[in-house]
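A quick write-up on the structure given underneath.
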Amino acid sequence: MLPKISDLPDNALGIWRYCFTEMCNNAVDHSSGTRITVQLKRTAVSVEIAIIDNGVGIFKKIQRAMKFSDERYSALELAKGKFTTDPAHHTGEGIFFTSKMLDAFDISSGGLYFTSVSPLKNAKGTAVWMKLKNTSARSRRAVFDAYASPENDYAFSKTVVPVKMAEQSPNDLISRSQAKRLLLHIDRFRTVVLDFQRVNQIGQSFADEIFRVFARSHAGIDVQFTNANKQVHNMIRRAQNA
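Residues in the sequence shown are numbered from 5 upward in steps of one, following our numbering.
Below you can see the structure in the form of structure tokens.
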């Protein structure tokens with residue numbers, strides 16, 4: 005693949021080196037498949053790369069390993085970062101940082117999507133789709149530094165969690181059990197930013213479990229929020245002030 009993109013600016017080439025390698029290695033190490041197909045589309049504006057395997061499917065594999073009742077919880081765990089089904093050989097950071105470096109990123113597997121922007125639909129196995137503008141000003145170091153602060157010895161200590169992924173149906177984030185599902189494994193981080201983009205409303209119990217119960221019992225974790233509409237913002241403040 006390298007000869008096809010070797011003339012890109014150094015920062016873009018550096019991003020592709022990281023993202024392609026991480027996603028290809030994931031397919032080799034985790035898919036249990038027999039074949040990997042790589043597709044590249046290059047224009048004057050951008051590069052798109054797809055890595056497709058014929059394995060068991062990433063969401064299904066995580067569901068089985070974690071005993072989740074629904075495959076959609078698998079995408080939420082991947083979005084948090086530091087999740088892997090093979091901790092002896094992987095850190096679980098690859099998908100998180102790849103998704104932050106690129107202009108567009110998605111995973112399609114078993115009819116489910118990571119972000120629902122992929123032009124690919126993969127009924128079997130896993131299809132990873134990636135896109136980056138050739139003139140992107142982003143760099144690998146800038147992305148790593150945004151989530152790994154010097155005061156924590158540059159460890160991966162900050163995550164951004166897309167709360168919308170926790171919904172099973174529109175506007176259903178109301179219970180403590182749903183909040184606990186959202187909070188699963190976030191005690192691995194020192195700073196957690198809950199992104200409420202496209203979340204229309206949340207329930208009092210859901211907010212209370214996160215912003216009062218969890219926050220007070222995990223004083224070492226800085227729980228923040230962003231992109232909350234007025235209704236969500238008011239419910240959060242109510243829980244924080246209880």
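Where is the CB? At the ideal position from N, CA and C, for every residue including glycine.
Here the structure is a predicted model, which is why all the values come from computation and not from measurement.
The residue among A48, T38, I55, G37 with its C-alpha nearest the C-alpha of M5 is I55. Nearest to T25 by alpha-carbon distance, out of V42, L12, S36, is V42. Considering only A69, W133, S140, the residue with the shortest C-alpha distance to P13 is S140.
The C-beta distance from F109 to L82 rounds to 11 angstroms, too long to meet the 8 angstroms contact threshold.
For S73, the closest C-alpha among the options S181, I190, F229, F215 is that of S181. Secondary structure of V32 (DSSP, three-state): helix. Under a 10 Å Cβ-count criterion, P7 is classified as exposed, with fewer than 16 other Cβ atoms of the shown protein chains found around its own Cβ. If one requires a minimum length of 4 residues, the alpha helix (DSSP H) runs lying completely within the segment 126 to 208 are 144 to 151, 180 to 187, in chain order. Along the length of the segment 208 to 237, whole alpha helix (DSSP H) runs at least 4 residues long occupy 208 to 212, reported in chain order. By the neighbour-count criterion, in which a residue is buried when 16 or more other Cβ atoms sit within 10 angstroms of its Cβ, L136 is buried.
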